[in-house]
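Positions -20 to -1, 1 to 525 (mature numbering (1 follows the signal peptide of the UniProt record, and there is no 0)) are the ones given, in order, by the sequence shown.
Here's the structure, in structure tokens; my notes come after.
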Amino acid sequence: MIRKIIIPVLTVIVCFSAKAQTINTNENPKLVVGIVVDQMRYDYLTRFYNKFGEDGFKRMVNEGFNCKNHHFNYIPTKTGPGHASVFTGTTPKYHGIIANDWYDKYEKKMVYCAEDDSVQSVGTESSDGQMSPRRMQTTTFADENRLFTQNLGKTIGISIKDRGAILPAGHTANAAYWFRGKSEGKFISSTYYMNELPNWVTSFNKSKTVKSYLKDWNTLQNIETYTESGADLNEFEGGFRGKETPTFPYDLKKLSKVNGGFDILKGTPYGNSLVIDFAIAALKGEALGTDNITDVLTVSFSSTDYVGHNFGVNSKEVEDTYIRLDKDLERFFKVLDAEVGKGEYTVFLTADHGAVDVPSYLRKMQIPAGYLNNKETKAKFAAFLMDTFGVDNLIENISNDQIFLNHEAVKATNKTLTEVEAIIVDELINYKNVYKVYAASTIHNSGFNSGMEQLLQKGYSQKRSGDVLIIANPNYISYSKTGSTHGSGFKYDTHVPLLLFGKGIKHGETLQKTVIPDIAPTISALLGISFPNGTTGEPLEFVLD
């Protein structure tokens, strides 16, 4: 009898030992790099594919896994919510970043997603450094990695935009750095992370790296070969002040004098190159990926967004920006190979949103599109409210396609909040170029399984969002007649790339639908750590080796 008992116990011990080996942190990647390409539509990957080299985007496709049907599963598709959702594994309903800026109905003012008056700028005397992740209500996978490793695994966030650096890195990051342009041209941070910049950052800022990019911006390849985009000279692009036409080449040193100094670099592919330069400096300066405890580096390329907003998704400028970004990715991956070791790191690349084709261009192509006349709509709506309710202060704020009602004024109408919402919905749905309108009571009291209604619901924060939500017609935007923008739940805004490669990632592709909140739990599963605390996505088991 004794032998019968001992044998199973020994078996259990052996099995447990084998299991322990499979989850040993030595098997984890030494570094996880999370890349967000701001405003990258999925079709940029396929449209420009033949212009890319073998060691940038194509390396990720050829060595890693390509999720071809990857989407945002909420509205609004904006930068702040996008970055938060990628790294928290959930949507604005739970992480609370409902826009870049939103109306705070308790503080009665507009607030910014990363602003924090309780901290001070580091590296600049301007207020541009008074930022932190405190408005984000849930953790990121980088936070969970810090907790799992007892703070031994580092996290560094880098971007041109503050929100692109801060939100991905999470609450426990060692540092987040973003670019202060204007007359300074340097990377800065805040006292949320540190009291002074590390020596490697100071050295980078003192170098001539930033100034070196104030040069001509011409196409990297012969412009005649850029057949994947429209004519260089057209009426659908913005351009820079001081230049009569939005056409190549651009003398950035000369144009910088009337375009915000070093800020001009943000709207060129050189902004992306600068981010790579700084990321490489961070990799070396922080000794990331040099031991068996996983570090996290988040890198957000903002210049793709600035270029898209200015020139539009069909421009030569956008095409050149992605061809150059491909070269920067190649350069970055080669440094990772050398510094961390090929096969010792894991990378994923996605976007924070897509973008719409310039509506004036779409109209020329006989596709329904246009621009919203908000001034006319607001005047008509104000008259309706006065005639219907007899009060002129019923609306506190209209922003981000949401109406915030004055709840005290609602009481004076002798109607319930739900009744007032319903009356407004019935009115607005009849307005020109309005596609759908929903009351907040409908959104948070109903369960939607598909369509725009589900996207609104996943983007709706009961405590932070408004009382009435509006969706404009497809391809109708509130924007200038030139350039592209984003924010909707239509496929041009939701369909973005998801590429993964490196340690622990299979080679393959899928047309199975995946969504942005799936990324963080997938990386968490790869690392064997807790999922971010608000996670609603699911790990993509089929991408993991």
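All residues carry an ideal CB built from backbone N, CA and C; glycine is no exception.
This structure is a prediction, so every number in the text was calculated from the model and none was measured.
- DSSP places Q382 in the uninterrupted beta strand (DSSP E) bounded by 382 to 385.
- One thing to note: G103 has its Cβ no nearer than 8 Å to the Cβ of S192.
- Just measuring C-alpha positions, the residue of V371, F384, T274, E95 sitting nearest T393 is V371.
- The C-beta of L132 has fewer than 16 other C-beta atoms within 10 Å across all chains shown, which makes the residue exposed.
- A direct Cα-to-Cα measurement between K195 and P229 gives close to 10 Å.
- DSSP, read as helix, strand or coil, puts D35 in coil.
- Residues Y302 of the same chain have their beta carbon placed closer than 7 Å to that of Y24, with the five preceding and five following residues left out of the count.
- Residue range 249 to 265 is occupied by the alpha helix (DSSP H) that includes I260.
- The Cβ atoms of T270 and P477 lie no closer than 8 Å to each other.
- Here N429 is exposed: its Cβ has fewer than 16 other Cβ atoms, across all protein chains shown, within 10 Å.
- Residues of the same chain with a CB within less than 6 Å of the CB of Y341, apart from the 5 flanking positions on each side, are F216 in chain order.
- Per the coordinates, the alpha-carbon of E297 lies some 37 Å from the alpha-carbon of E176.
- Between T57 and H466, the C-beta spacing is below 8 Å.
- Counting C-beta pairs with one atom in each stretch, the region 452 to 469 and the region 483 to 502 have fewer than three that are closer than 8 Å, which means they do not touch.
- Counting along the chain, the unbroken beta strand (DSSP E) around G488 starts and ends at 488 to 490.
- For S107, the three-state secondary structure derived from DSSP is helix.
- A residue is called buried once 16 or more other Cβ atoms fall within 10 Å of its Cβ, and S107, having fewer, is exposed.
- Beta bridge pairing from DSSP links E95 with M111.
- For W197, the pairing in a beta bridge is given by DSSP as Y230.
- Listed as beta-bridge partners of I450 by DSSP are V417.
- For V315, the CB contacts under 7 Å within the same chain, skipping 5 residues up- and downstream, are I260, L263 in chain order.
- One Cα belongs to D275, the other to K186, and the distance between them is close to 27 Å.
- Annotated three-state conformation of K89 is strand, per DSSP.
- Put simply, the backbone Cα of I77 is about 43 Å away from that of E204.
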